[in-house]
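**Q** Below is a structure I'd like to ask you about.
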Amino acid sequence: MKKGEDVLFIYPDNDVFLAFSKLITKTYGKDEIGWFVFNEIAKKRLEKLFKIFNNDFSNKIYTSYDEIDRRFVIAYGYHFYAISSHFSDDALIRLILDDDISLFCFIYDRVVEEKRILVLKDLFDYVVDIREKEAPLDKEFFYRVKAYVMPHIDHSAYVKIDERYNLFE
């Protein structure tokens, strides 16, 4: 991924969020990644999730765009923010438009209204749409990656998530 490119993940459950964010952290290094949260609810939830991983993730959490000092940022908690009375897309738009930040934004599927999701998809360079598929013995997830940068990508596959939140195709 090039500097300043942004990825939108639309995910169906927290197992998917944890597995993909773990993969991103492994790929780019935990010291290179910061976490942006949209409100205090998201921050508390993220801190609780971090305890599962015993510091496998960076503990650098930002609650304000102006605090960010990392090149790679994972944004979490938009779904908590979208249902609040103080909702505004300003922080997300600033993150997307910042050419010095590569953003990985996770949005919980079916929480945010569909027309807002359509508009958001248009702002990102890559969209990873993940859907759950019930398999006979365990959960499987279908994902599709569409790239709106060159080279154009339209890739899809199935993944499984193990008990340590690792992904297997």
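Positions in the sequence shown are counted from 1; adding 1126 to them yields the working numbering.
We put the CB at the ideal spot given by N, CA and C, even for glycine.
Remember, predicted model here, so these are calculated numbers, not experimental data.
Mind checking Leu1172: buried by the 16 CB within 10 Å criterion, or exposed?
**A** buried
**Q** Report the start-end ranges of each alpha helix (DSSP H) in the segment 1234-1268 that is 4 residues or longer and not cut off at the edges.
**A** 1240-1249
**Q** Inspect the CB distances between the segment 1283-1290 and the segment 1158-1175 and report whether three or more fall short of 8 Å.
**A** no
**Q** Are Ile1136 and Asp1255 touching if we call contact CB-CB under 9 Å?
**A** Yes.
**Q** So the candidates are Arg1197, Glu1295, Leu1244; which of them puts its Cα closest to the Cα of Phe1268?
**A** Nearest in C-alpha terms to Phe1268, of all of Arg1197, Glu1295, Leu1244, is Glu1295.
**Q** Select from Glu1258, Asp1251, Glu1289, Arg1290 the residue whose C-alpha is nearest the C-alpha of Val1271.
**A** Per the Cα distances, Asp1251.
**Q** Relative to the alpha-carbon of Asn1292, which residue among Lys1148, His1278, Met1127, Val1133 has its alpha-carbon at the smallest distance?
**A** Lys1148
**Q** Taking the alpha carbon of Gly1155 as the reference point, which residue from Ala1201, Tyr1274, Arg1196, Glu1240 has its own alpha carbon closest?
**A** Arg1196
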